[in-house]
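The structure under discussion appears below in the form of structure tokens.
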Amino acid sequence: MKIAIIGAGAIGKLLATYYAQQHEVIVVVRREEQARAIMNNGITKLASTQCVNYRVQATTTLPKADIYFVTVKFYHLMALQPLLQQVTTTLVFLQNGLAHQSFAQQFSCEVLVGTLTVGAETKNDTTVYERGAGTMKLSAPQQHIIWQLTSEALPISYVADVNEVLWQKAMLNSLINPLTALLDLPNGELVTNKHAFHLLKTIYEELITAFPDKKHLVGFEDVVQLCHNTAMNTSSMRADFLARRPSELSTIVGAILEQALNQQQVLPTLHTLYYALLAIEERRASE
């Protein structure tokens, strides 16, 4: 199978290493410099006990492929729209929040949405840290897709109600990402720092109060366990803030707040975090 991965950030690079052993993989990047680096050096995955290099192709144009994984952040999607309109096979949107789904509905080709629970962190244009194994969940009733894509490194499961999976990921991200970004903490310190833990629990209680029908998706013990499992990890939003890059604040936290507003619910602590982070982004944009 020929697999195209659009975006070579942390998730895109890690996904490429999972599939490079069994499939023909080509990553689609924005910068010619990164494309040349990947063509010359491949992609190196650094895990806790190993360092492995994988040969993959790279391009700045849309290649022909059997399936296309879209791994870019939401704020890049509009610029990619003309490119994605050319796809005639299968598009898979892997997302952190709730905003991708409405964008994905405009395409005439087969479109799948899903989530990825692996931990990934970029070192440079051709190197990625694997910060914890995980799984992919897809809205793919066509079982042949799952059979061809699943592997020991990345198990894949079909979910009948993809909305539940997206909400689960969005809630977890809304709990961990803004706090780690604002407090500049690794994930694990959200449960070992008593003040951060108080904020974490307060936001969780606000979410469950606003969305009681979602309580079964994420228990507070699940949040704590995730923080322990990824204790040394830098969340994607914290990484963006440290690197002074645009973040997915609006599509992760903003989307949750919008859903709450639609139900006449207020999440005061999360709302405050959201505007505090927006203020930091605005200040940096003017510097």
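The sequence shown lines up with residues 1 to 287 when you count with full-length UniProt numbering. Here a beta-carbon is modelled for each residue, glycine too, at the ideal position from N, C-alpha and C.
So, with DSSP's three-state summary, where would you put residue i?
i	result
L46	strand
V113	strand
V87	coil
K201	helix
Q57	strand
V253	helix
N124	strand
L154	coil
M232	coil
E248	coil
V266	coil
F211	coil
Mind checking residue i: buried by the 16 CB within 10 Å criterion, or exposed?
i	result
L261	exposed
Y68	buried
E130	buried
H198	exposed
T180	buried
Q106	exposed
D240	buried
Assuming residue i and residue j are in contact, meaning their beta carbons sit under 8 Å apart, how far apart are those beta carbons, in whole angstroms?
i	j	result
P178	V224	No, P178 and V224 are not in contact; Cβ-Cβ is about 17 Å, not under 8 Å.
F220	K201	7 Å
L267	E206	4 Å
Measure the Cβ-Cβ separation of residue i and residue j and say whether it is below 8 Å.
i	j	result
A58	V29	yes
V56	V25	yes
N41	T115	no
T269	I203	yes
A4	A99	no
V113	Q95	yes
Contact the segment 153–171 vs the segment 38–52: 3+ CB pairs below 8 Å: no
Segment contact, 8 Å Cβ cut-off, at least three pairs: the segment 115–124 with the segment 232–250: yes
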